[in-house]
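Number of protein chains: 2
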Amino acid sequence: MPGPSYDVVGIGNALVDVISNEADRFLVDHGLVKGSMALIDERQATDLYGAMGVGTEMSGGSAANTVAGVASFGGRAAFVGTVRDDELGRVFAHDLGSNGVTFAAQPVVDGPPTGRCLIVVTADAERTMSTYLGAGAALGPEHIDPAIIGDAKVVYLEGYLFDSPEAKEAYRRASRTAHEAGGKVALTLSDSFCVQRHLDEWVTLVDEQVDVLFGNADEVQVLCGTGFDEALQQLQGRVEVAVVTRGAAGSVLVTPEDVIEVPAERVAHVVDTTGAGDLYAAGFLYGYTQAMALADCGRLGSKAAAEVISHIGARPLVTLSRLL
Amino acid sequence: MPGPSYDVVGIGNALVDVISNEADRFLVDHGLVKGSMALIDERQATDLYGAMGVGTEMSGGSAANTVAGVASFGGRAAFVGTVRDDELGRVFAHDLGSNGVTFAAQPVVDGPPTGRCLIVVTADAERTMSTYLGAGAALGPEHIDPAIIGDAKVVYLEGYLFDSPEAKEAYRRASRTAHEAGGKVALTLSDSFCVQRHLDEWVTLVDEQVDVLFGNADEVQVLCGTGFDEALQQLQGRVEVAVVTRGAAGSVLVTPEDVIEVPAERVAHVVDTTGAGDLYAAGFLYGYTQAMALADCGRLGSKAAAEVISHIGARPLVTLSRLL
Chain S
5 MPGPSYDVVG IGNALVDVIS NEADRFLVDH GLVKGSMALI DERQATDLYG
55 AMGVGTEMSG GSAANTVAGV ASFGGRAAFV GTVRDDELGR VFAHDLGSNG
105 VTFAAQPVVD GPPTGRCLIV VTADAERTMS TYLGAGAALG PEHIDPAIIG
155 DAKVVYLEGY LFDSPEAKEA YRRASRTAHE AGGKVALTLS DSFCVQRHLD
205 EWVTLVDEQV DVLFGNADEV QVLCGTGFDE ALQQLQGRVE VAVVTRGAAG
255 SVLVTPEDVI EVPAERVAHV VDTTGAGDLY AAGFLYGYTQ AMALADCGRL
305 GSKAAAEVIS HIGARPLVTL SRLL
Chain W
5 MPGPSYDVVG IGNALVDVIS NEADRFLVDH GLVKGSMALI DERQATDLYG
55 AMGVGTEMSG GSAANTVAGV ASFGGRAAFV GTVRDDELGR VFAHDLGSNG
105 VTFAAQPVVD GPPTGRCLIV VTADAERTMS TYLGAGAALG PEHIDPAIIG
155 DAKVVYLEGY LFDSPEAKEA YRRASRTAHE AGGKVALTLS DSFCVQRHLD
205 EWVTLVDEQV DVLFGNADEV QVLCGTGFDE ALQQLQGRVE VAVVTRGAAG
255 SVLVTPEDVI EVPAERVAHV VDTTGAGDLY AAGFLYGYTQ AMALADCGRL
305 GSKAAAEVIS HIGARPLVTL SRLL
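Here you go:
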């Protein structure tokens, strides 16, 4: 019997990033919390975009960035998410396709436009994101096609989407479908505020469905309701592997048997940290689906993250298989 | 009596650039001539975009880049060009506005979408452009508003638009309107192939209407039908000042009395030459409209060009007034 067609299928928000460089003052003036992701409505998006300087538009979306990275390493990847039949939707689809990712979705033909993430990059290279979900919010359980979700080694879920009841149901259905087919479920917590908003449901999802958990220090502490060291202890055994990223301090891989520290890759000049976590997950999941040792998976994650933070934009600019 | 409201009003194609990095082989495979600009239709645009890798979208358009640069230096600038009422049209308008440029146009509400320029950047940092004019081709004499064109120190015309009879008529009307109001007319030849296509009309426009002429070595040789040295001689006296750009070899300013050589600004690492000529013109015209000495105008042009070729995209990433 042949194995699954896909190494990783990602499910998440289909977004085009709109990136501008601004002074710290801009964050204060617009009530933005540095480093965070806030959901905004169409009106807020119009106002904020109007205040932002000259923009660069590049495809984004957390899980979409990750599967683009997996494909760039040479993995077989697909993405599930919803766009409108508009220009930004075509840009999003084009950029997935040109990375070799199967875009397993038909555009929705009415309702809000394709979603966008307004990203302000400050002089310290930190990114602050305001997301107008647009058509991305249409994702629901009806988009979970067992023929695709059941044909993956790993189904990768993006926490950012975990706000609407339909998206939560889609995630539960995807998790069950993956496990029934013998696949693994990976989840990234994405944002500590999002974890806080839906803590009980997150805990249930993690404990019942998740095999590979990604989060940064803030996110795992909120999930566990403890300090950092206790969170690491608590995660040991709760999932097959918990991957805790810590920026320049590297990452920690927690399994029932081991705690493995992985150093960050050195970067000469950090330009824009957007996508760091997404590409770390790409490197890790590429290694994981190729059955590499966990420490090697972590090292690939560090390398991919280092590439993406050395330039503007959340998708790799080089073919990541060169890093192997 | 107060002076004109605008230092520079640019007229040209309203385009959003779609930029991807490709190997030289890509140019060969798609019949593209390195360094050139080719007009393509919607079908060709769809095919070429489909073949291009992950893209970055940034506002472009030659004259639009120039007026954005003038405004970034602190000059008062406006732009005349046509977009559709679609996402890319809104991106184009936003980016002009956030540079402080008055966008003197209402979007057209039917017909083709906002124009785009598909730009392939090869490893040598050279850019090869394929332009689908889209709504930009709707520009005609009816868009030449005397209240704006007659209220500028300099009206700047982009040669790329000089293909349709309506655009040519718009340029003639703009030139007459500017001169009647006491303003100057500047023109960039833009592309040697475009000059070749409409040589007689170019010659008439230059000799009857143009005060400040911009062109590179290829373009002025085609315009003059001679070698480089003879072209410089021929231009002496034909216009108030001819500005001939020569890439890393700097530029030459030709007036009836003088031939002034201006060195190029040194650039540590050339990333993408898109917009070099546009930003040279921005620096030059900013100085010119502030009544600086011609050699100083040229130096500002060199500095602005150096900034724009040191990164991806054809608009400045820093406030150019810092270069003053």
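Same order as they appear, the protein sequences are chains S and W.
Last residue of the first sequence: 328 in this note's numbering, with the numbers rising by one and none dropped.
Last residue of the second sequence: 328 in this note's numbering, with the numbers rising by one and none dropped.
Even for Gly, the Cβ is constructed at its ideal location relative to N, Cα and C.
Since we're looking at a predicted model, the values are computed, not measured.
Nearest Cα to SER168/S within the set ASP45/S, GLY144/S, LEU209/S: GLY144/S. Contact holds between the segment 70-78 of chain W and the segment 270-289 of chain W, because three or more Cβ pairs, one in each stretch, are under 8 Å apart. Listed in chain order, the alpha helix (DSSP H) elements of length 4 or more contained wholly in the segment 247-307 of chain W are 280-293. DSSP, reduced to helix, strand and coil, places ARG319/W outside both helices and strands of the structure shown, so it counts as coil. Taken in chain order, the unbroken stretches of beta strand (DSSP E) that lie wholly in the segment 22-77 of chain W and span 3 residues or more are 41-43, 60-63. Rounded to the nearest whole angstrom, the CA to CA distance from ASP21/S to GLY279/S is 11 Å. Contact between ILE15/S and ALA67/S holds, since their C-beta atoms are separated by about 6 Å, short of 8 Å. Counting along the chain, PHE218/S sits inside the beta strand (DSSP E) bounded by residues 216-220. Close partners of LEU92/W in chain S (Cβ separation under 8 Å): GLU91. Identification of residues in the segment 56-67 of chain W having a C-beta nearer than 8 Å to some C-beta of chain S yields MET56, GLY57, VAL58, GLY59, THR60, GLU61, MET62, SER63, given in sequence order. Chain order gives no chain W residues near ASN69/S, where near means a beta carbon separation below 9 Å; the closest approach is about 11 Å. When the five nearest sequence neighbours on each side are left out, the beta carbons in the same chain lying within less than 6 Å of the beta carbon of LEU193/W are those of GLY163, VAL199, GLY219, GLU223, in order along the chain. For GLY93/W, the uninterrupted alpha helix (DSSP H) segment begins and ends at 91-102. For ARG319/S, the nearest beta carbon of chain W is closer than 8 Å to its own beta carbon. Below the 7 Å Cβ cutoff, chain W contributes VAL58 as neighbours of ASN103/S, in chain order.
The C-beta of ASP99/W comes closer than 8 Å to at least one C-beta of chain S. When secondary structure is reduced to three states using DSSP, THR118/W falls in the strand class. In summary, THR277/W is buried, with 16 or more beta-carbon neighbours lying within 10 Å of its beta-carbon over all protein chains present.
Flagged as an interface residue toward chain S: TYR53/W, by a C-beta distance shorter than 8 Å.
Annotated as distal: GLN213/S and VAL245/S, with beta-carbon spacing of 8 Å or more.
Distance between ILE264/W and GLY287/W, taken at the CA atoms: about 16 Å. Close CB contacts of LEU239/S within its chain, under the 6 Å cut and outside five residues either way in sequence, are with ALA246, VAL258 (chain order).
Nearest Cα to ARG120/W within the set ASN103/W, GLU170/W, MET62/W, ALA171/W: MET62/W.
Between GLY254/W and ILE153/S, the alpha-carbon positions lie close to 58 Å from each other. When Cβ-Cβ separations below 8 Å define contact, VAL95/S makes contact with chain W. For HIS147/S against VAL84/S, the beta-carbon gap comes to about 6 Å, under 8 Å, which counts as contact. Every beta strand (DSSP E) of 3 residues or more that sits fully in the segment 119-180 of chain W is shown, in chain order, as 131-138, 156-162.
With fewer than 16 other beta carbons inside 10 angstroms of its own, PRO6/S counts as exposed.
Using a Cβ distance threshold of 8 Å, VAL13/W and VAL159/W count as a contacting pair. Distances from the alpha-carbon of GLN294/W to those of PRO150/W, ILE23/W, LYS157/W, HIS315/W put LYS157/W closest. For ALA235/W, no beta strand (DSSP E) segment is defined; the enclosing uninterrupted segment is the alpha helix (DSSP H) at 232-239. A direct Cα-Cα distance of roughly 13 Å separates VAL124/W from ASP33/W. For VAL207/W, the enclosing alpha helix (DSSP H) covers residues 203-213. Residue state for VAL20/W is assigned as strand, using DSSP reduced to three classes. In the DSSP assignment, the residues bridged to ARG88/S are VAL112/S.
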